[in-house]
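For reference, each letter of the sequence shown is one residue, going 3 to 201 in our numbering.
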Amino acid sequence: MPIIGIVTRKYISEESHNINIIYDDIERAIIKNNAIPLGITLTQNYKKLIDICDGIIFQGGDSLGDYDLETLKYLYDIDKPVLGICLGMQSMGILFNGEIADIPKHKTTLSYAHSVIIKRHTKLYNIFKNEVIKVNSRHKSVVKDTTLDICALSQDGYIEAIEAPNKKFFIGVEWHPESMIDYDINQNKLFEYFINTCS
């Protein structure tokens, strides 16, 4: 079974302890697809942790860790599969000459917030086999001007997914597919394809 590293996010507990967390939805999505989830806290020794994993997920969150971008660059260079979700995708965009802009209208509690238009001849299209999918939306920022390939846009023209076509799997999505797999079987295709690539 492949080992999938999940980059933890910093959080402060109710007792004011600094902790590192992984989201239950992402852990469940990995287990559902016959892989082993492993929480990874990135430190200056991140290569030792990364090297025992078959692929890495950069999950959502509120702020980047000290080694997020450096680790992403390392993963890109060694061509280890990476899935970026929300902040994870934004990190990919920043690494490749992108900027982040605020977008307050896209944060909602709805299960299906809006449609995403996927470009043909992209890896993301090969995964979903569809030009239009419905997604949730919990982000307040978007990527602009990245040199990664833009493979999906919202109906109002914001970047919803990016990828590096020359890599095994280097894809970022702005929505949260891990929170949709219980009621939208299509969203699991992203995890299934990612984990199969890691196998």
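All C-beta atoms, glycine included, are put in the ideal place defined by N, C-alpha and C. Just so it is clear, the structure is predicted and the values come from calculations on it, not from any experiment.
Going by C-alpha positions, residue 187 is about 12 Å away from residue 136. When beta bridges are read from the DSSP output, residue 165 appears opposite 151 and 173. Across the structure, residue 52 and residue 151 are spaced so that their CA atoms are roughly 25 Å apart. About 17 Å separates the Cβ atoms of residue 7 and residue 91, ruling out a contact at the 8 Å cut-off. Contact annotation: residue 3 and residue 31 have beta-carbon atoms that are not nearer than 8 Å. Remark: C-beta atoms of residue 154 and residue 126 approach each other more closely than 8 Å.
According to the DSSP assignment, residue 79 belongs to no beta strand (DSSP E) but to the alpha helix (DSSP H) extending over 70-80. Short of 6 Å from the beta carbon of residue 84, and not among the five residues preceding or following it, lie these beta carbons of its own chain, in chain order: 58, 77 and 172. For residue 101, the enclosing beta strand (DSSP E) starts and ends at 101-104. Rounded to the nearest angstrom, the Cβ distance from residue 95 to residue 164 is 6 Å, consistent with a contact under 8 Å. A buried status is given to residue 179, since no fewer than 16 other beta-carbon atoms sit within 10 Å of its beta-carbon. Taking C-beta atoms under 8 Å as the contact rule, residue 145 and residue 161 qualify, at a distance of about 5 Å. Secondary structure at residue 143: strand, using DSSP grouped into helix, strand and coil.
If you look at residue 128, you'll find it in the alpha helix (DSSP H) that goes 125-130.
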